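For reference, the structure is listed below as structure tokens.
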Amino acid sequence: MSTLLEVRSLTKSFGGLRAVDGVSFKVEEGMILSIIGPNGAGKTTLFNLITGALAPDSGDILFEGRSIKGLKPNRTARLGIGRTFQIVRPFPFLTTLDNVTLAALAKAKNRREARLRAAEILEITHLSTFARLDARNLTLARRKRLEIARAMALSPRIILLDEVMAGLTPVEVDETIVLIKSLTTMGIAAVAGVEHVMQAVRKISDRIVVLNFGQWLAEGTPGEVMRNPEVIRAYLGSHYGETGEDA
Amino acid sequence: MKKISLVSGAVCLLVVIGIPFLASDYLVGFFFNMFIFVTVAYGWNLISGYTGYLSFGQISFFGLGAYTMAIAVFRFHWSWQLGVLTGAVLAVVLAAPLGWLMLRLRGPYFALGMLGFVQVLYMVASAASSVTGGGEGLYLPPTADLHPLYYSAAAMVVLAMGATWAVERSAFGLRLQAIREDELAADAMGVETTRVKLAAFMLSSAFPAVAGGLYAWRLSYIDPASAFPGNYEIQTILMTIFGGAGTIMGPLLGGIALSVMGEVIWARFAELHLLLTGSLIILVLLFMPEGMVPLVRRTVARRRGRIARSAAGEGA
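Protein sequence lines, in the order shown, are assigned to chains B and D.
Counting in the working numbering, the first sequence runs from 64 upward without gaps.
Counting in the working numbering, the second sequence runs from -12 upward without gaps.
Pasting the structure below:
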């Protein structure tokens, strides 16, 4: 496996707050990496830096071996980095099909070809029934799925998934897990930013990076990370962390 | 459905062609004015209705077109047709740097920025009297025959409608709508927002420019106040919203509805004209903010649904 995406000591401050503070990690082709951390750990900022929505203060981002630092979001999107938004941002007055067609235009020759590709993706993501419905009429779970569908329509090499499982019922979480795992069979890598849904993280992740207050705290396989006392302390407070060490 | 719209379109076209032979000069003038309004409205519809960049300054291109035509005829003795075309070209050329600057602004800032630009052009037209005639204006040879103007304006409406139809079906049109709905998300989906917006802005500037040129030739006089008529800006925005912003038929239907309504109200209640028109506008915005086209579309869809259900044996 070769490295698809590499983040090198990336730093971004907002005023006095270091939202992302010297974070580094690598994503191999076709793998699923989860980035976990409590609220405010810097996950969304990290995604905004990678896609170019924000400019980093220092550090570098390499995609397929080339630096993509300073590229606009529409450039990184067309290069092969798809993303979803934590607070979903569908085009509300466009149909579900047009939402996905728009993204497919990035790689298609014309609108007709893009529409065909979009219809395929709606099939995969179980949204075909709602193809002609305006996106604003979809339920939250379906809008979250639409976010993934749009990212897939870019025909990307990697998708950054920002809290795609937050606020879903257990059944919907399971459906999303299946969908995320199917990405890897299509040769698409994924970086999933997750705050709370730890069972899901355990099921989908090849590797996990833990962030805390913008800093890299730990990295490893799901088993390694979940046993790490530092991680337990960050998540549950120092008291539990110490007990964990004692035991 | 396709057949119905094709037939009704052909009938409308025949009526439009026939009007000058059948109707009084007054009516021909009424239709000419309506076509001018509708053409400006189609321009506004592209940048504001489809792209979501609400502009209060498309009338600046109207004035640019009017002055270009007038100066071409008055100073260079060109034909008015060439003057009108030159105005359109100039508007598109000017829209490039202007849009590059203005389209960084969003929401009310863009709207006000464009409003400010109208003022700038107004001042330039007033000050550069050696070219524009300043406050005294320019007098052009009066037009005896209204027919060529009438047909030019009608052709512009057809052209604007056709262009809008082509845009709506294209990849470009979908990108415009995505920018309107959520520019940040569109950017993340690979849309080169800056370029796409600029293209829409440039395209939208051509229509008011042509309308302005035709209007000035009909008036056979131009001064800053008639070149940048603020009420035209407001009228055309209202027409588009009334008919349905971001739709192919919206500016046409809204333009016809408001023109006819204005004419009828004006003829019957001259003193109450503005009061009644204003009240009507408020009622429309309250009860059908999306305009006529989406309303009609939904009603048709609902009726069809009902027919389909009753055919399937689910109806009462």
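C-beta atoms are modelled at their ideal positions from N, C-alpha and C, and glycine is treated no differently.
Model, not experiment: these values are computed from the prediction.
If you follow the beta strand (DSSP E) that residue i is in, where does it begin and where does it stop?
i, result
"GLU92/B", "Neither: GLU92/B is in no beta strand (DSSP E) and is coded neither H nor E."
"GLY115/B", "First-last for GLY115/B: undefined, no H or E at that position."
"GLU69/B", "66 to 77"
"GLN149/B", "No beta strand (DSSP E) holds GLN149/B; DSSP gives it neither H nor E."
"ILE221/B", "221 to 225"
"VAL273/B", "270 to 275"
Evaluate residue i with the Cβ neighbour count: other Cβ atoms within 10 Å of its Cβ, from every protein chain shown; 16 or more gives buried, anything less gives exposed.
i, result
"SER116/D", "exposed"
"GLN262/B", "exposed"
"ASN218/D", "exposed"
"VAL(-6)/D", "exposed"
"SER325/D", "Lying before the first or after the last residue shown, residue 325/D is absent from chain D, which here runs from -12 to 303."
"ASP132/D", "exposed"
"THR38/D", "buried"
"PRO129/D", "exposed"
"TYR54/D", "buried"
"THR188/B", "buried"
"THR232/B", "exposed"
"PHE24/D", "buried"
"TYR137/D", "buried"
"ARG205/D", "buried"
"LEU171/D", "exposed"
"TRP304/D", "A question about residue 304/D goes unanswered here, because the residues of chain D that appear run from -12 up to 303."
"GLU301/D", "Per-residue confidence for GLU301/D stands at a pLDDT of 45, beneath the threshold of 50, marking its modelled position as unreliable; no derived number is given."
"ARG220/B", "buried"
"SER(-8)/D", "exposed"
"LYS(-10)/D", "exposed"
Which partner residues does residue i have in the DSSP bridge list?
i, result
"ASP197/B", "THR158/B"
"LEU96/B", "VAL254/B, ARG270/B"
"LEU125/D", "ILE209/D"
In the DSSP assignment, find the unbroken alpha helix (DSSP H) run with residue i in it and report its ends.
i, result
"TRP279/B", "From DSSP, TRP279/B is part of no alpha helix (DSSP H) but of the beta strand (DSSP E) over 278 to 283."
"PHE49/B", "A query on residue 49/B cannot be resolved here, the shown segment of chain B reaching from 64 to 310 and no further."
"THR130/D", "Here THR130/D belongs to no alpha helix (DSSP H), and DSSP marks it neither H nor E."
"LEU239/D", "237 to 255"
"GLY230/B", "Counting along the chain, GLY230/B falls outside any alpha helix (DSSP H), and DSSP gives it neither H nor E."
"PRO292/B", "292 to 299"
"SER(-8)/D", "-11 to 9"
"THR119/D", "116 to 119"
"ALA140/B", "136 to 142"
"ALA328/B", "Because chain B spans 64 through 310 in this model, residue 328/B falls outside it and cannot be assessed."
"GLY52/D", "46 to 63"
"ASN20/D", "12 to 31"
If you reduce the DSSP assignment to three classes, tell me which class residue i lands in.
i, result
"ARG93/D", "coil"
"ASP210/D", "coil"
"TYR40/D", "coil"
"GLY304/B", "Note that GLY304/B scores a pLDDT of 46, beneath 50, so its modelled location is shaky and nothing firm can be said."
"ALA253/B", "strand"
"LEU109/B", "helix"
"GLY85/B", "strand"
"LEU225/D", "helix"
"SER130/B", "strand"
"ILE166/D", "helix"
"LEU80/B", "strand"
"ALA259/B", "Contrary to the premise, residue 259/B reads as His rather than Ala in this sequence. Coil."
"THR248/B", "helix"
"MET148/D", "helix"
"GLU210/B", "helix"
"LEU259/D", "coil"
"MET275/D", "coil"
"VAL178/D", "coil"
"PRO101/B", "coil"
"ALA169/B", "coil"
"GLY70/D", "helix"
"PRO216/D", "coil"
"SER192/D", "helix"
"SER113/D", "helix"
Any heavy atom of the ligand MN closer than 8 Å to the beta-carbon of residue i?
i, result
"ASP169/D", "No copy of the ligand MN occurs in the structure displayed, which carries no ligand at all."
Q.
So, does the stretch 102 to 109 of chain D touch the stretch 58 to 75 of chain D, judging by three or more C-beta pairs under 8 Å?
A. They do not touch, by the three-pair rule.
Q) Three or more C-beta pairs closer than 8 Å, one from the stretch 195 to 205 of chain D and one from the stretch 75 to 93 of chain D: is that the case here? A) yes
Q) Are three or more beta carbon pairs between the stretch 181 to 189 of chain D and the stretch 76 to 96 of chain D nearer than 8 Å? A) Yes: the two stretches touch, three or more of their Cβ pairs being nearer than 8 Å.
Q. Does the count of Cβ pairs from the stretch 280 to 296 of chain B and the stretch 118 to 129 of chain B closer than 8 Å reach three?
A. Judged by Cβ distances under 8 Å, the stretch 280 to 296 of chain B makes no contact with the stretch 118 to 129 of chain B, as fewer than three pairs qualify.
Q: Could you tell me whether the stretch 155 to 172 of chain B touches the stretch 170 to 181 of chain D, where touching means 3 or more Cβ pairs closer than 8 Å?
A: yes
Q.
Any contact between the stretch 227 to 237 of chain D and the stretch 33 to 50 of chain D? By contact I mean 3 or more CB pairs, one from each, below 8 Å.
A. The stretch 227 to 237 of chain D is in contact with the stretch 33 to 50 of chain D.
Q | Inter-stretch contact (C-beta, 8 Å, three-pair minimum) for the stretch 247 to 266 of chain D and the stretch 57 to 69 of chain D | A | With the rule of 3 Cβ pairs closer than 8 Å, the stretch 247 to 266 of chain D does not count as touching the stretch 57 to 69 of chain D.
Q) Does the stretch 73 to 84 of chain B come within contact of the stretch 232 to 250 of chain B, defined as at least 3 CB pairs closer than 8 Å? A) Contact between the stretch 73 to 84 of chain B and the stretch 232 to 250 of chain B is absent, with fewer than three C-beta pairs closer than 8 Å.
Q. Pairing CB atoms from the stretch 274 to 285 of chain B with CB atoms from the stretch 130 to 139 of chain B, are three or more of them under 8 Å?
A. Between the stretch 274 to 285 of chain B and the stretch 130 to 139 of chain B, the count of Cβ pairs shorter than 8 Å is below three; the stretches do not touch.
Q: Mind the definition here: the stretch 137 to 147 of chain B touches the stretch 207 to 225 of chain B only if three or more C-beta pairs lie below 8 Å; say whether that holds.
A: yes
(Q) Three or more C-beta pairs under 8 Å: does that hold for the stretch 144 to 159 of chain D against the stretch 93 to 108 of chain B? (A) no
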